[in-house]
Structures are given as structure tokens and as C-alpha cells.
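Quick notes on the structure that follows.
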Amino acid sequence: MGAMPEKRKPVVIVTRKLPDVIETRMMELFDTRLNHDDVPWTQNELIEAVKIADVLVPTVTDRIDARVLSQAGSNLRLIASFGTGVDHIDLKTARQRGITVTNTPGVLTEDTADMTMALLLAVTRRLAEGERVARSGTWHGWGPTMMLGTRLWGKRLGIIGLGRIGQALARRARGFGLTIHYHNRRRVHPDVETELEATYWDSLDQMLARMDIVSINCPHTPATYHLLSARRLALLRPHCFIVNSSRGEVIDENALTRMLEKGDLAGAALDVYEHEPAINPRLVALDNVVLLPHMGSATLEGRIDMGEKVIINIKAFSDGHPPPDRVIETMF
Ligand code: 8YV
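Residue numbers (this note's numbering): 5 to 336.
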């Protein structure tokens, strides 16, 4: 009996530089092509990649739209995205073309919740502003009315999207004495509500009008695009703060900027932007705003875990098993 013919290794094209251990393992397992200089690819470069790949591993910085997908070679069967959000991928076109999409949920929950809590603290206690003063050489000493922020203890936090990250944020926020309120497409399991002592608001409008801090923790989908529209933002009280570590598109950024400029809101802490990586210069000019460059999940451990998930998804799929993190449009 002859030996089984060795199966061809799948051609896996990775669009950005991943942690070394992940790239090394991918090279061992697959016919892997890497982006060593880590410069994000143009749409045309992405098209060149999907023409030859069996598997594409994109990130949030790649727009995998209908134009890219329509030029994919017949070999392209899997898009194993590195990240949880999948709004950079045209899921409908992928489905129509029989391309499976996977993501990396779960492994970045705690890191993203940590950063969301850090943003929340930073904006209410003026952390970034204080840091700028300390470095500026203009600080002349302590004063009783200097750099006064807002107390967290006893305030109301409204979480939009009480999924994995929203719940992890709620657990942290309770330690800071915040009471938890939430709006979600579906009410969460009663056990979760009990654990978090969370109040469910069926009406987002009514919740917004009563919160001290609002945090966006839902994915960006057609249904959540500009969920915080100019009309809804106007429902917030002027002492309210907004935190966003999800996707910029969930908030009408222009309307938010106008309100912050006019003092109709107390402040905002943002990790994500509507036209990333561009940040509205009018936001940058404001002192009551904390801005981070999309680093919510940026820990070395998290990036390695994300890479491991990508590998598991590719391996399962190429061995003929259902990949564990398959994304289905109706999930969103
Ligand atoms: C990642 C994110 O950095 O996973 C997500 O949805 O926004 C980030 O945590 C990014 O997606 C990597 O592609």
C-alpha cells in the first residue's frame, strides 16, 4: 500500500504583521505569505492577494468589500479575520460567493473592558488633561479648586450593548460604585442582570436621558450605524460623558463634536473614529476629550490569543471541520 499523498498546504495570506510566535506557527502549518513591512495594502493589493489565496487573514484596516470579493479566485474559501469586529468585511457578498468568515471573539474581552474603564476614568477625572499640565512646565502647585473632575461613585452608567465586553465593563464599573443600566437588542439572561444588578431599558431614548455616563459596546452593523444620531445625542444631559471603544460609526461624530464644543456634553473618551485613522481636528482641539489610537485590545497576550484563534479556525476549516468562530450575518 502506498503512502497517502501529502495534502497541499493551504495558501494563507496575512495582510499585516502579527506577533512573531504566531507568524512562525503559521509558517509551519500553512503555505503562509506575510506582510513583513506591515504597510496596509491598497484595495488593488488586496485584490491581488485574494486572487491567489486559499485563506485570507485580514484585520480591521483592510476593507474587504464587494469589489475585492468579486475578484477573488475560486480557491478563496475562508476569510479568517484577526479581530472580533467584522464590519470591514462585506458578509453578504462573502456568503453569496460561498466564502466562510471567522473572527476571534472572547479573547480580547477583558483587555478591551480594561481600556474602556481606563477611558471612563480618564475623561471623568481629567487624567489626560492633568498629564498635559504636569508635563507643560506651567504647573505652579496644588490648589483646592484645581483640576476638579466628576465623582464616579454613585453615578449611573448606561451601557449600549451588554455582550461580552459590555458585561466585563459592568463588572469593573460596579467596583467603582457605578450603577449599571443597559440597552440591548435582547434582554440578557436574568442571572446576568442579577449579578450585575443591571437595569434594562427597552427604550434607548429613555435611558440616554437619564444617564451620567454612556458607553458604546455594541458592534457596528447597518442597524447600529449612527445609533447615537444628532437627535439621540441631544437627549443626553449636559453633565453626561460618552465613552466609545467599539466603532466610530456608531456615533454621529460631527454631531458629537458640535455638542462637545458648545458644552452640551461634559466630555468624551474615544478609542475609535468614524473615519479612522483620521481624527476630526476639532475633536483634537478640545480639552474635555480623551483620544486613543484604537488600542482597546492592544496587549501582547491578547494579540497572541487572537492569532491562536485565527490558526485554530484555519486548521479546523482546512481539515474539513466547522471552524469554531464562524461568523453568520444574522448574528449581527
Ligand atoms: C482589533 C478590534 O485591534 O477586534 C476588534 O474588533 O477592534 C480590535 O480589537 C482589530 O479588530 C484587529 O483587526
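For each residue, glycine too, the CB sits at the ideal point set by N, CA and C.
So is L304 buried or exposed if we call it buried at 16+ other beta carbons inside 10 Å? Taking the sequence shown and counting its residues from 1, one reaches residue 304 at position 300. Exposed: under 16 other Cβ atoms inside 10 Å.
Taking the alpha-carbon of T120 as reference, which of I51, K313, S250 has the nearest alpha-carbon? Here residue 120 refers to the residue found at position 116 when the sequence shown is read from its first residue. Nearest C-alpha to T120: S250.
Please identify the residue among N258, E312, G300, I308 whose C-alpha is closest to the C-alpha of V288. Sequence index remark: in the sequence shown, residue 288 carries index 284 (1-based). If we check each option's Cα against that of V288, N258 comes out closest.
Comparing C-alpha positions only, which one of T108, T113, R129 sits nearest to A273? Within the sequence shown, the letter at position 269 stands for residue 273. A273 has its Cα closest to that of R129, out of T108, T113, R129.
Does at least one heavy atom of the ligand 8YV sit under 8 Å from the Cβ of L125? Counting from one through the sequence shown, the residue named residue 125 turns up at place 121. Result no, Cβ not under 8 Å from the ligand 8YV.
Supposed contact pair L60 and I17 - C-beta distance, whole angstroms, cut 8 Å: By one-based count along the sequence shown, residue 17 stands at place 13. By one-based count along the sequence shown, residue 60 stands at place 56. Contact flag correct, Cβ pair sits at about 5 Å.
Grouping DSSP H, G and I as helix and E and B as strand, with all else coil, what is L166? Within the sequence shown, numbered from 1, the residue matching residue 166 stands at position 162. Reduced to three states, the DSSP call for L166 is coil.
Roughly how many whole angstroms lie between the Cα atoms of L50 and I68? Stepping through the sequence shown from its first residue, residue 50 is reached at position 46. Stepping through the sequence shown from its first residue, residue 68 is reached at position 64. Rounded to the nearest angstrom, the two C-alpha atoms are 8 Å apart.
Is G170 near the ligand 8YV, going by C-beta to nearest heavy atom under 8 Å? Position 166 of the sequence shown, counted from the start, is the residue given in the question as residue 170. Because no heavy atom of the ligand 8YV lies under 8 Å away, the Cβ of G170 does not count as near it: no.
Applying the 10 Å Cβ sphere with the 16-neighbour rule, what's the burial state of M263? For the purposes of this step, residue 263 is identified with residue 259 of the sequence shown, where counting begins at 1. With 16 or more other Cβ atoms within 10 Å, it is buried.
For L80 and R12, I'd like the C-alpha separation in whole angstroms. Within the sequence shown, numbered from 1, the residue matching residue 80 stands at position 76. Within the sequence shown, numbered from 1, the residue matching residue 12 stands at position 8. Computed Cα separation, rounded: 15 Å.
Distance between H243 and P148 (C-alpha atoms, nearest Å): On the sequence shown, residue 148 is found 144 positions in, with the first residue counted as 1. On the sequence shown, residue 243 is found 239 positions in, with the first residue counted as 1. The straight-line gap from Cα to Cα measures roughly 21 Å.
From A76, G141, L124, residue whose alpha carbon lies closest to that of L156: Looking up residue 156 in the sequence shown gives position 152. Nearest option by C-alpha distance: L124.
First and last residue of the uninterrupted beta strand (DSSP E) at I255: By one-based count along the sequence shown, residue 255 stands at place 251. Unbroken run through I255: none, as it is neither H nor E.
Return the chain-ordered ranges of every alpha helix (DSSP H) run that is complete within the segment 211-296 and spans a minimum of 4 residues. 234-237, 257-266, 285-288
What do you get for N107, buried or exposed, if any count of 16 or more other CB atoms within 10 angstroms of its CB means buried? One-based indexing of the sequence shown puts residue 107 at position 103. By the 10 Å Cβ count, N107 comes out buried.
Which residue marks the beginning of the beta strand (DSSP E) containing A302, and which one marks its end? Along the sequence shown, one-based indexing puts residue 302 at 298. A302 -> no beta strand (DSSP E), and no H or E assigned at all.
I need the residues with a C-beta less than 6 Å from some heavy atom of the ligand 8YV; please give them in chain order. T63, V64, F86, G87, T88, G89, L112, G300, S301
Nearest candidate by alpha-carbon position, reference E280, set V254, D291, W143: As a first step, residue 280 must be located in the sequence shown, where it is residue number 276. Looking at the Cα atoms, V254 is the closest of the given residues.
Please go through the same chain and pick out, in chain order, the residues whose beta-carbon is closer than 7 Å to the beta-carbon of N317, but skip the five residues on each side of it. In the sequence shown, the residue the question calls residue 317 occupies position 313. Closer than 7 Å at Cβ, skipping near neighbours: A84, T106, P327, P328, D329.
Taking the alpha helix (DSSP H) that A126 belongs to, which residues open and close that run? As a working note, residue 126 is residue 122 in the sequence shown. Where A126 is concerned, the enclosing alpha helix (DSSP H) stretches over 113-128.
Own chain partners of V314 with C-beta closer than 7 Å, once the 5 adjacent residues on each side are dropped: Residue mapping note: residue 314 aligns to position 310 of the sequence shown, counting from 1. So the qualifying residues of the chain are V61, A84, F86, T108.
Output the distance between the C-alpha atoms of D53 and D66, rounded to the nearest integer angstrom. The residue given as residue 53 occupies position 49 in the sequence shown. The residue given as residue 66 occupies position 62 in the sequence shown. What sits at residue 53 in the sequence shown is Ala, not Asp. Going from the Cα of A53 to the Cα of D66 covers about 12 Å.
With contact counted as at least three CB pairs below 8 Å, one residue from each stretch, are the segment 163-178 and the segment 188-208 in contact? yes
Local Cβ density within 10 Å of V43, reported as buried at 16 or more and exposed below that: By one-based count along the sequence shown, residue 43 stands at place 39. By the neighbour-count rule (16 or more Cβ atoms within 10 Å), V43 is not buried but exposed.
Confirm, please, whether the CB-CB distance from D35 to G306 is below 9 Å. Residue mapping note: residue 306 aligns to position 302 of the sequence shown, counting from 1. Residue mapping note: residue 35 aligns to position 31 of the sequence shown, counting from 1. No. Outside cutoff.
Can you tell me the Cα-Cα spacing of L95 and R101, whole angstroms? Here the question's residue 95 lines up with position 91 in the sequence shown. Here the question's residue 101 lines up with position 97 in the sequence shown. Spanning the two alpha carbons is a distance of roughly 10 Å.
If we ignore side chains and look at the alpha-carbon of each, how far apart do R136 and I184 end up? Your numbering for residue 136 matches position 132 in the sequence shown. Your numbering for residue 184 matches position 180 in the sequence shown. Their backbone Cα atoms lie some 31 Å apart in a straight line.
Counting along the chain, where does the alpha helix (DSSP H) carrying A2 start and finish? Given a span of 5 to 336 for the chain in the structure shown, any question on residue 2 remains unanswerable.
Does the Cβ-Cβ distance between D256 and S233 come in under 9 Å? Your numbering for residue 256 matches position 252 in the sequence shown. Your numbering for residue 233 matches position 229 in the sequence shown. It is a contact, given that the beta carbons lie within the stated cut-off.
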